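Take the sequence shown: its letter number 29 is residue 29 in the UniProt record's numbering, and every next letter is one higher.
For glycine and all other residues, C-beta sits at the position ideal for the given N, C-alpha and C.
Nothing here was measured: the structure is a model prediction, and the numbers come from that model.
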Amino acid sequence: MTSGKRPAPRPTHDVAPAVALFHGLSDPTRLAILQRLTEGEARVVDLTGLLGTAQSTVSAHLACLRDCGLVVGRPEGRQVFYSLTRPELMDLLASAETLLAATGNAVALCPNYGTARAAATSNKSETSKAKVSNR
């Protein structure tokens, strides 16, 4: 007796590059950096002020985005101005915003990746850290 479920269709092409792209975009800090860069160039100091994160954190995320070919740095004296490498990235981010608006709360409420799960995961992490520090 079969369950009646059909096997999942296999992709007709390699999805690994798209998975890598979306994984790179899935980090909140990297996504915030990219969103800011849609407005134009920014320096690390500009991004640290906007994001409220350490310079080393912003620099590490910029290095990741640069290694993925999504941003480029333009040195000017002792400063580096970062910008998006491809205008298509602005289109992708705008399409994501449109999709989020169209789906309403469905994505945020997703039991696998939604904001409720992220908050629960964050709370678990904080609880674990507290237990370790109380030892």
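On the DSSP letters alone, give me the boundaries of the alpha helix (DSSP H) that residue i sits inside.
i           : result
residue 163 : Here the chain has residues from 1 to 135 only, and residue 163 is not among them.
A32         : 28-37
Taking the CB atoms as reference points, tell me whether residue i and residue j lie closer together than 8 Å.
i           : j    : result
L62         : V72  : no
L50         : R36  : yes
G24         : C64  : yes
residue 138 : L21  : Residue 138 lies beyond the stretch modelled for the chain, which goes from 1 to 135, so this question has no answer here.
A108        : T115 : yes
Say whether chain B places a C-beta atom closer than 8 Å to the C-beta of residue i.
i   : result
A42 : Judged by its chain identifiers, the structure shown contains no chain B, having just a single protein chain.
Below 8 Å, can you find three or more Cβ-Cβ pairs linking the stretch 40-49 to the stretch 80-100?
-> yes
Can you give, in chain order, each stretch of the beta strand (DSSP E) that sits fully within the stretch 43-124 and has at least 3 residues?
-> 71-76, 79-84
Say whether the stretch 28-35 touches the stretch 43-60, bearing in mind that this needs 3 or more beta-carbon pairs closer than 8 Å, one atom from each stretch.
-> yes
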